[in-house]
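Peer 1: Which chain is which? The protein sequence lines are A and B, in order.
Count the first sequence with our numbering and you get residues 8 to 423, in order.
Count the second sequence with our numbering and you get residues 8 to 423, in order.
Questions regarding the structure given below will be posed in turn.
Number of protein chains: 2
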Amino acid sequence: MSVSTAVEAYNRLVAEGAITARPGSGFYVAHQTAPMSLSAVGPRLDRAIDPLWVSRQSLEADGYNLKPGCGWLPASWFPEQIIRKALRNVSRSEVDTLSNYGTPLGLGPLRQLISRRLVEREIEAAPDQILLTESGTQAIDMLCRFLLQPGDTVLVDDPCYFNFQALLRAHRVKIASVPYTPAGPDVESFASVLSQENPRLYITNAGIHNPTGATLSSAVAHRVLKLADQHGMIIIEDDIFADFEHTPAPRLAGFDGLDRVIEIGSFSKTLSASARCGYIAARPEWIEELVNLKIATTFGGARLNEALVYTVLSDRGYRKHIDSLRQKLEKARHHVAARLRCLGIEPWLEPRAGMFLWSKLPASLDSADLARSALSKGVVLAPGNAFSVSQTASDCMRFNVSQIDDRMFETLRSLI
Amino acid sequence: MSVSTAVEAYNRLVAEGAITARPGSGFYVAHQTAPMSLSAVGPRLDRAIDPLWVSRQSLEADGYNLKPGCGWLPASWFPEQIIRKALRNVSRSEVDTLSNYGTPLGLGPLRQLISRRLVEREIEAAPDQILLTESGTQAIDMLCRFLLQPGDTVLVDDPCYFNFQALLRAHRVKIASVPYTPAGPDVESFASVLSQENPRLYITNAGIHNPTGATLSSAVAHRVLKLADQHGMIIIEDDIFADFEHTPAPRLAGFDGLDRVIEIGSFSKTLSASARCGYIAARPEWIEELVNLKIATTFGGARLNEALVYTVLSDRGYRKHIDSLRQKLEKARHHVAARLRCLGIEPWLEPRAGMFLWSKLPASLDSADLARSALSKGVVLAPGNAFSVSQTASDCMRFNVSQIDDRMFETLRSLI
Numbered sequence: 008m009s010v011s012t013a014v015e016a017y018n019r020l021v022a023e024g025a026i027t028a029r030p031g032s033g034f035y036v037a038h039q040t041a042p043m044s045l046s047a048v049g050p051r052l053d054r055a056i057d058p059l060w061v062s063r064q065s066l067e068a069d070g071y072n073l074k075p076g077c078g079w080l081p082a083s084w085f086p087e088q089i090i091r092k093a094l095r096n097v098s099r100s101e102v103d104t105l106s107n108y109g110t111p112l113g114l115g116p117l118r119q120l121i122s123r124r125l126v127e128r129e130i131e132a133a134p135d136q137i138l139l140t141e142s143g144t145q146a147i148d149m150l151c152r153f154l155l156q157p158g159d160t161v162l163v164d165d166p167c168y169f170n171f172q173a174l175l176r177a178h179r180v181k182i183a184s185v186p187y188t189p190a191g192p193d194v195e196s197f198a199s200v201l202s203q204e205n206p207r208l209y210i211t212n213a214g215i216h217n218p219t220g221a222t223l224s225s226a227v228a229h230r231v232l233k234l235a236d237q238h239g240m241i242i243i244e245d246d247i248f249a250d251f252e253h254t255p256a257p258r259l260a261g262f263d264g265l266d267r268v269i270e271i272g273s274f275s276k277t278l279s280a281s282a283r284c285g286y287i288a289a290r291p292e293w294i295e296e297l298v299n300l301k302i303a304t305t306f307g308g309a310r311l312n313e314a315l316v317y318t319v320l321s322d323r324g325y326r327k328h329i330d331s332l333r334q335k336l337e338k339a340r341h342h343v344a345a346r347l348r349c350l351g352i353e354p355w356l357e358p359r360a361g362m363f364l365w366s367k368l369p370a371s372l373d374s375a376d377l378a379r380s381a382l383s384k385g386v387v388l389a390p391g392n393a394f395s396v397s398q399t400a401s402d403c404m405r406f407n408v409s410q411i412d413d414r415m416f417e418t419l420r421s422l423i
Numbered sequence: 008m009s010v011s012t013a014v015e016a017y018n019r020l021v022a023e024g025a026i027t028a029r030p031g032s033g034f035y036v037a038h039q040t041a042p043m044s045l046s047a048v049g050p051r052l053d054r055a056i057d058p059l060w061v062s063r064q065s066l067e068a069d070g071y072n073l074k075p076g077c078g079w080l081p082a083s084w085f086p087e088q089i090i091r092k093a094l095r096n097v098s099r100s101e102v103d104t105l106s107n108y109g110t111p112l113g114l115g116p117l118r119q120l121i122s123r124r125l126v127e128r129e130i131e132a133a134p135d136q137i138l139l140t141e142s143g144t145q146a147i148d149m150l151c152r153f154l155l156q157p158g159d160t161v162l163v164d165d166p167c168y169f170n171f172q173a174l175l176r177a178h179r180v181k182i183a184s185v186p187y188t189p190a191g192p193d194v195e196s197f198a199s200v201l202s203q204e205n206p207r208l209y210i211t212n213a214g215i216h217n218p219t220g221a222t223l224s225s226a227v228a229h230r231v232l233k234l235a236d237q238h239g240m241i242i243i244e245d246d247i248f249a250d251f252e253h254t255p256a257p258r259l260a261g262f263d264g265l266d267r268v269i270e271i272g273s274f275s276k277t278l279s280a281s282a283r284c285g286y287i288a289a290r291p292e293w294i295e296e297l298v299n300l301k302i303a304t305t306f307g308g309a310r311l312n313e314a315l316v317y318t319v320l321s322d323r324g325y326r327k328h329i330d331s332l333r334q335k336l337e338k339a340r341h342h343v344a345a346r347l348r349c350l351g352i353e354p355w356l357e358p359r360a361g362m363f364l365w366s367k368l369p370a371s372l373d374s375a376d377l378a379r380s381a382l383s384k385g386v387v388l389a390p391g392n393a394f395s396v397s398q399t400a401s402d403c404m405r406f407n408v409s410q411i412d413d414r415m416f417e418t419l420r421s422l423i
């Protein structure tokens, strides 16, 4: 072994912190760190079925778990080669992109591209009305800080994406809910909850609703906006599933012209969930204030992620990837729906797009019980009440058709 | 021109959103977006000298501005080649790293590496006591949410990093301050403000203090912790300048054993400010709760950035880069201090490390006036009162020695 090999080995160990160099004395083994604590080992069978339950179970699951309850595609469904190429591309960027803070609004060309893509969904937003964030969740979080005072009431759909509830709890606000129908929120209930609870804000999905897979009709969109106007309520429309749609459903933000509706989105569902990047499209004067909040709470933007996302979105292969993804999902939805029906599990509707099948279990089954039993067999499910503010969805389960295989069906069959 | 070239051109334009394809009909020019609004063009001479002023001026400055008031190194001082190599390396990662959400705590090997590096500063934190965040600022923000209720009082140094004030305002808390001495907070004032104001939390810097460049003495560390114990006050120690130090100064977190002190850090100052990644080291039971808060407010971690940061930190070239950076900064501090003295500007102390010189202006000058005049000449300065809760630093200015050149000195000379 040559001296240079030994020196290289020592240098690597120093870089790793495993050994330390004492000048004039030699190399010494570094202090050992305490062992990993055992608190996070093993599934948490005793955890209540609360809005954080499914998130933690899914995010903490290792490679051996099945996650039909999670809200994302398997890694192999992402545009792997395009991301690899984009990373190589970014590695050749100018040094500022690699090292420096971004501007407060975020990468200009990406905001221009988002602006053009929003037009496809009939949302007009100039690039300066678009603020980049570190994720879709962080976009909603920042808006909640901007818009809410502790004690305010916020309206969500029932069922709704479970993390809306977790997020709103962190803002110390009251949560009201409105039943969701296959065409959007139930308009009569919506009118009465606005009169009774006077919510400051309504948070909902654009395009494909989570967990139901439903899409808003134009008529419901019109009535929802009319009621919001009457009551001075602001709306956040979460559009993170936009790229799954074949034909865009009506957007509240498009009807409203970004007056009282704020559009948020991200690229976690179809581009990459590890390159965090989201956006807010809103009134210019709100964006101006949100910039201050962004600096105060995160200082710089995720410039490198923005460069990566821009490079992938600009790659002509990305649209092709999305086209094939939509077809793959359509096939999977039909296939999984048929197999679920064989088990007596009935999809609430056949969604036009997306990865979710919101489904009714056979009458004898409780979804929380089923989720707990499945977890002991290494399968993470998404029980209905995790999505339901009113806790009226114990007979429902959300299935992610991209994360389902024979083992999941075997497990389900053994438990039903 | 071949057909395939034209098809390629059309595909790129579709990918960019500049044209849209209508199946069976052809390609059409997409809706044009509204023009960039003019609201953000030109320096904002009329903005008050508040804690956000310097941040916005610095972050929004274009390539033609000088930024001796900013808090970061020029891009050319970062380890450019190591970052490029690391990005190529990350482009070959397993597909999960490229596409999937990370685990809630964040990349295991990076947490182990941080754990070992903390030991060098005599802070013992097992990898499971370390939670990765999207930045140092986001780490403090998350801790404030975890620890504070609106109306609580938080103690900061006077002067302190201006963004602490902006961040605390977003949390609707009262801000108290304690004068900072060359050896840490003034202990007598510290004792009396704890008795009178009963702050829930004290936020300070570890290692090198921002803006003064001072370092905490062991004696002051001991007394601060004793007083914090007596009053049940928690401390956040912001260690983002750690890699600048030749010899680590005492850490409150090390003395205290991460009992009531929480250590946070990031890699923005020496590795990259565009690859956002920070961390929190704290009691295990606090980390457990912070994981829930992280999921609720950001959902996934910045997995790709974590992989990049880990790759750079593990590169044996990184330590060499840091060594040469320290020497470069030392030289720049001496050089800039001498030139400032020629203008009658006197550094408050000679810092042992880092990029800042906190300096007293000649008696006739007000730092806010000087900053406004300099801005009209394209020079962004950091006036003292942006750092001072008590507004008693109008005669001070923070200079970043890495961002100073002849043009800055000429501008200063012309204004003094």
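Quick reminder that beta carbons are idealized off the backbone N, C-alpha and C, glycines included.
On a predicted model such as this, the values are computed, not experimentally measured, just so you know.
What residues in the segment 301-335 of chain B have a beta carbon less than 9 Å from any beta carbon of chain A?
Peer 2: Those residues of the segment 301-335 of chain B that come within reach of chain A (Cβ to Cβ, closer than 9 Å) are I302, A303, T304, T305, F306, G307, G308, A309, R310, L311, N312, E313, A314, L315, L320, S321, D322, R323, G324, Y325, R326 and K327.
Peer 1: What does A344 of chain A reach in chain B if we use C-beta pairs closer than 8 Å?
Peer 2: Per Cβ cutoff of 8 Å: no residues; A344 of chain A is ~26 Å from chain B at best.
Peer 1: When you compare the CB of D103 of chain B with every CB in chain A, is at least one pair closer than 7 Å?
Peer 2: Closer than 7 Å: yes.
Peer 1: Report the residues of the segment 140-156 of chain A with a CB closer than 7 Å to any CB of chain B, ordered along the chain.
Peer 2: Listed by position along the chain: E141, S142, T144, Q145, D148 and R152.
Peer 1: Counting only Cβ pairs nearer than 8 Å, list the residues of chain A close to A177 of chain B.
Peer 2: Under the 8 Å cutoff, chain A gives R152, L300, A303 and T304.
Peer 1: Taking 6 Å as the limit between beta carbons, can you name the residues of its chain near A260 of chain A, skipping five residues before and five after?
Peer 2: Once the five neighbours on either side are set aside, the close Cβ partners of A260 of chain A are I130, E244, V268 and E270.
Peer 1: Rounded to the nearest angstrom, what separates V7 of chain B and D402 of chain B at their Cα positions?
Peer 2: The first residue shown for chain B is 8 and the last is 423, placing residue 7 of chain B beyond what the model contains.
Peer 1: Could you tell me which residues DSSP puts in a beta bridge with F406 of chain B?
Peer 2: According to DSSP, which records beta bridges pairwise, F406 of chain B is partnered with B:L364.
Peer 1: Is the CB of F197 of chain A under 7 Å away from at least one CB in chain B?
Peer 2: Not closer than 7 Å to any Cβ of chain B, the Cβ of F197 of chain A fails to qualify, so no.
Peer 1: Does the distance from the C-beta atom of P206 of chain A to that of V161 of chain A stay below 7 Å?
Peer 2: Against a cut-off of 7 Å, the Cβ pair of V161 of chain A and P206 of chain A comes out as a contact.
Peer 1: Quick check: the segment 216-235 of chain B against the segment 173-186 of chain B, are there 3 or more CB pairs under 8 Å?
Peer 2: These segments do not touch.
Peer 1: Which value, in whole angstroms, describes the spacing of the CA atoms of V61 of chain A and Q410 of chain A?
Peer 2: Rounded to the nearest angstrom, the two C-alpha atoms are 14 Å apart.
Peer 1: Can you look up G272 of chain B in the DSSP assignment and give me helix, strand or coil?
Peer 2: In this structure, G272 of chain B counts as strand in the three-state DSSP scheme.
Peer 1: Are the CB atoms of S374 of chain B and P390 of chain B nearer to each other than 7 Å?
Peer 2: In contact: S374 of chain B and P390 of chain B (Cβ atoms closer than 7 Å).
Peer 1: Just to make sure I have the definition right: I need the residues of chain B whose C-beta is within less than 8 Å of the C-beta of V97 of chain A. Which are they?
Peer 2: The answer, in chain order, is L94.
Peer 1: Would you grab the beta carbon distance between G361 of chain A and G143 of chain A for me? Rounded to a whole angstrom, and I think it's under 8 Å.
Peer 2: Not really, about 15 Å apart at Cβ, beyond 8 Å.
Peer 1: Can you give me the Cβ contacts of T418 of chain A inside the same chain, cut-off strictly under 7 Å, excluding the 5 residues immediately before and after it?
Peer 2: Answer for T418 of chain A: A381, K384 and V386, listed in chain order.
Peer 1: Could you tell me the alpha carbon to alpha carbon distance between A1 of chain A and A280 of chain A, rounded to whole angstroms?
Peer 2: Past the edges of chain A, shown from 8 to 423, lies residue 1 of chain A, and the structure says nothing about it.
Peer 1: Would you list the one or two residues that DSSP bridges to A212 of chain A?
Peer 2: Inspection of the sequence shows that residue 212 of chain A is occupied by Asn rather than by Ala. According to DSSP, which records beta bridges pairwise, N212 of chain A is partnered with A:D245.
Peer 1: Is the beta carbon of L300 of chain B less than 7 Å from the beta carbon of M149 of chain B?
Peer 2: In contact: L300 of chain B and M149 of chain B (Cβ atoms closer than 7 Å).
Peer 1: Smallest Cα separation from T188 of chain A: which of A:I423, A:E357 and A:V316?
Peer 2: Minimum Cα distance to T188 of chain A is reached at A:E357.
Peer 1: For the segment 72-93 of chain A, enumerate the residues whose C-beta is nearer than 7 Å to any C-beta of chain B, in chain order.
Peer 2: Of all residues in the segment 72-93 of chain A, W79, A82, S83, F85, E87, I90 and R91 have a Cβ within less than 7 Å of some Cβ in chain B.
Peer 1: Which stretch, first to last residue, makes up the beta strand (DSSP E) that contains K74 of chain B?
Peer 2: Neither: K74 of chain B is in no beta strand (DSSP E) and is coded neither H nor E.
Peer 1: Would you call the CB atoms of T426 of chain B and R359 of chain B closer than 7 Å?
Peer 2: With chain B running from 8 to 423 in the structure shown, residue 426 of chain B is simply not present.
Peer 1: Is the separation between the beta-carbon of P157 of chain B and that of P157 of chain A shorter than 7 Å?
Peer 2: Closer than 7 Å, so yes.
Peer 1: Helix, strand or coil for P111 of chain B, going by three-state DSSP, please let me know.
Peer 2: Residue state, collapsed to three classes: coil.
Peer 1: Residues of chain B with CB closer than 9 Å to the CB of L234 of chain A, please, in chain order.
Peer 2: The premise fails here: L234 of chain A is roughly 28 Å from chain B at the closest Cβ pair, so nothing lies under 9 Å.
Peer 1: Fully enclosed by the segment 115-141 of chain A, which alpha helix (DSSP H) runs are 4 residues long or longer?
Peer 2: Within the segment 115-141 of chain A, the complete alpha helix (DSSP H) runs of at least 4 residues are 115-127.
Peer 1: Is Y168 of chain B close to chain A, meaning its C-beta is less than 7 Å from at least one C-beta of that chain?
Peer 2: Output row for Y168 of chain B: interface = no.
Peer 1: At 3 residues or longer, what runs of the beta strand (DSSP E) sit wholly inside the segment 325-372 of chain B?
Peer 2: Segments of the beta strand (DSSP E) lying fully in the segment 325-372 of chain B: 363-367.
Peer 1: With 16 other CB atoms within 10 Å as the buried threshold, where does K233 of chain A fall?
Peer 2: The residue is exposed, with fewer than 16 neighbouring Cβ atoms inside 10 Å.
Peer 1: Considering only residues of the segment 251-305 of chain B, which uninterrupted beta strand (DSSP E) runs meet the minimum length of 3 residues and lie entirely inside it, listed in chain order?
Peer 2: Counting whole runs of 3 or more residues, the segment 251-305 of chain B contains the beta strand (DSSP E) stretches 268-273 and 285-288.
Peer 1: Kindly indicate if chain B contains any beta-carbon less than 7 Å away from that of Y17 of chain A.
Peer 2: Output row for Y17 of chain A: interface = no.
Peer 1: Please state whether DSSP places L181 of chain B in a helix, a strand or coil.
Peer 2: A quick correction: the sequence has Lys, not Leu, at residue 181 of chain B. In this structure, K181 of chain B counts as strand in the three-state DSSP scheme.
Peer 1: Does L138 of chain B get closer than 7 Å to chain A when you measure Cβ to Cβ?
Peer 2: Judged by the 7 Å Cβ criterion, L138 of chain B is not in contact with chain A.
Peer 1: Please confirm whether R118 of chain B has its beta-carbon closer than 7 Å to some beta-carbon of chain A.
Peer 2: For R118 of chain B, the answer is no, since every Cβ of chain A falls outside 7 Å of its Cβ.
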